[in-house]
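Trainee:
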Amino acid sequence: MNKVESFRYDVDGNIEGHDPSSPKGFHRNRSMDNCFPSIPSLSKSGSRRSNTPTRSCRLFKSMGRKGVADALSSSPPSMGQQSTPDSTPTRPFLTKSASGSTRRSAGTSIMFSSSSGKLKPPPVEKKLECTLEEMCFGCRKKIMLTRDVVTNTGQIIKEDELLTIKVKPGWKKGTEITFEGMGNERPGTYPADIVFVVVEKRHSLFRREGDDLELAVDIPLVKALAGCTLSIPLLGGESIPLTIGDIIHPGYVKIIDGQGMPNSKEPRKRGNLKITFRVFFPAQLTDEQRSDVLSILHDTC
């Protein structure tokens, strides 16, 4: 009897079927009023009750404690036990009741109610690979997600979900996109959140540093000394001409404003393009070439 009583509470903490106005210890269910002698101090009519056991009392004695417990647990749940939008859906309840007796199902509805709380697994992280072009100009990515779903009959089946992620200009690696409750469903728990973490694909030309882009350009020694006009590629496939009149030394950097990555907070504001030059020296020179270089550069170094 103790186990049955401890599980049959409504959301307000009251025992189901208990009348708050009745004295403590008198009776717990009105259907059993005739099974116990009345307390004389309650009323005159109560003192005149016959001590002869009624039919319901004889039934109570014949059933015993176990039979009453089973009868109570199999009775319809009270309003306090019904699921709410914030509590467990009925599908986990059906799963439990299908594998056990009615008594277990009555206890399950309390165990997974909002008053006792439900567990939620930690978020499930998945990688979302993006190119620099996608994070610069934005795009839409469609991802097919297969997850476990609990049906109304308590079965767990596979279900495909098509998710759409709108990549915004200025996103960078480490950006997280959360889909709440899109994880696998399990009876008695909330589904986990799915978190996509942006991973930057390696680019063949550019490297990102904050909102700036870095580009390495190879240039022969003669152009580095004499000056030249180069065609500089931009992110997205375009190119711009760049005329250099300075002497380019190893590690020389040229900055082009506004050709980097957009700022995530201010998409119209973009970083810069930093061009680092790598000067290639000739592998060998003839004696005549060495003599010419020496005569030309003798007074410059």
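Residue 1 is where the sequence shown starts when you use the UniProt record's numbering, and the numbers rise one by one after that.
Even glycine gets a Cβ: it sits at the ideal position worked out from N, Cα and C.
#1: Can we say the stretch 181 to 201 touches the stretch 124 to 134, given the rule of at least three CB pairs closer than 8 Å?
#2: So what does DSSP say about D160, is it helix, strand or coil?
#3: Are the stretch 211 to 226 and the stretch 267 to 275 touching by the rule of at least three beta carbon pairs closer than 8 Å?
#4: Specify, as a first and last residue, the run of the beta strand (DSSP E) that S291 falls within.
#5: Could you check the C-alpha separation between I177 and K166 for me, to the nearest Å?
#6: Return the chain-ordered list of same chain residues with a C-beta closer than 6 Å to the C-beta of T286, the five sequence neighbours on each side being excluded.
#7: In terms of residue numbering, what span does the alpha helix (DSSP H) encompassing L221 cover?
#8: Looking at the strands, I want to know which residues DSSP matches up with P262.
#9: Quick one: what's got a C-beta closer than 6 Å to I240's C-beta in the same chain, skipping five residues either side?
#10: On a Cα-Cα basis, can you pick out the residue from D148, M261 and L163 that is closest to I157?
#11: What does the Cβ neighbour count give for F206, buried or exposed, with the cut at 16 atoms within 10 Å?
#12: Tell me whether I275 is buried or exposed, calling it buried when 16 or more other Cβ atoms sit within 10 Å of its Cβ.
#13: Please confirm whether L230 and I247 have their CB atoms less than 8 Å apart.
#14: List the residues that DSSP assigns as beta-bridge partners of residue 360.
#15: Quick test of your reading: Y252 and F277, contact by CB under 8 Å. State the CB separation rounded to the nearest angstrom.
#16: Which class does M182 belong to by DSSP, given the choice of helix, strand or coil?
#17: Cα-Cα, which of G258, K120 and I256 is closest to E180?
#18: Do G138 and N263 have their beta-carbon atoms positioned less than 8 Å apart in this structure?
#19: Counting only the same chain and skipping the five closest in sequence on each side, list residues whose C-beta sits under 7 Å from that of P282.
#20: Starting from F137, trace the alpha helix (DSSP H) both ways and give me its first and last residue.
Mentor: This is what the structure gives:
#1: yes
#2: Taking the sequence shown and counting its residues from 1, the one referred to as residue 160 is at position 160. D160 falls in the strand class under three-state DSSP.
#3: yes
#4: Within the sequence shown, residue 291 is the residue found at index 291, counting from 1. Premise fails: S291 lies in the alpha helix (DSSP H), D287 to L297, not in any beta strand (DSSP E).
#5: Stepping through the sequence shown from its first residue, residue 177 is reached at position 177. Stepping through the sequence shown from its first residue, residue 166 is reached at position 166. Computed Cα separation, rounded: 10 Å.
#6: Walking along the sequence shown from the start, residue 286 turns up at place 286. Nothing meets the Cβ criterion.
#7: As a working mapping, residue 221 is identified with position 221 in the sequence shown. L221 to A226 is the span of the alpha helix (DSSP H), which, as asked, contains L221.
#8: If you number the sequence shown from 1, residue 262 lands on position 262. DSSP output for P262 lists R270 as bridge partner(s).
#9: Mapped onto the sequence shown, residue 240 falls at position 240. Within the same chain, I240 has close Cβ partners I232.
#10: Taking the first residue of the sequence shown as position 1, residue 157 is located at position 157. Checking every option, the nearest Cα to that of I157 belongs to D148.
#11: Here residue 206 refers to the residue found at position 206 of the sequence shown. Buried, since its Cβ has 16 or more Cβ neighbours within 10 Å.
#12: Here residue 275 corresponds to residue number 275 of the sequence shown, with the count starting at 1. Per the 10 Å Cβ criterion, buried.
#13: Taking the sequence shown and counting its residues from 1, the one referred to as residue 230 is at position 230. Taking the sequence shown and counting its residues from 1, the one referred to as residue 247 is at position 247. No, the pair does not count as a contact, with Cβ atoms beyond the cut-off.
#14: Only positions 1 to 301 of the chain appear in the structure, and residue 360 is not among them; the question remains open.
#15: Stepping through the sequence shown from its first residue, residue 252 is reached at position 252. Stepping through the sequence shown from its first residue, residue 277 is reached at position 277. Going by Cβ atoms, the distance from Y252 to F277 rounds to 5 Å, so yes, they are a contact pair.
#16: Residue 182 sits at position 182 when you count from the first residue of the sequence shown. It is coil, neither helix nor strand.
#17: Working through the sequence shown from its first residue, we reach residue 180 at position 180. Among G258, K120 and I256, the Cα nearest to that of E180 is on K120.
#18: If you number the sequence shown from 1, residue 263 lands on position 263. If you number the sequence shown from 1, residue 138 lands on position 138. Their beta carbons are not under 8 Å apart, which means N263 does not touch G138 by this criterion.
#19: Working through the sequence shown from its first residue, we reach residue 282 at position 282. Excluding positions up to five away in sequence, the list reads L221.
#20: Residue numbering aside, residue 137 sits at position 137 when the sequence shown is read from its first letter. Counting along the chain, the alpha helix (DSSP H) containing F137 begins and ends at L132 to F137.
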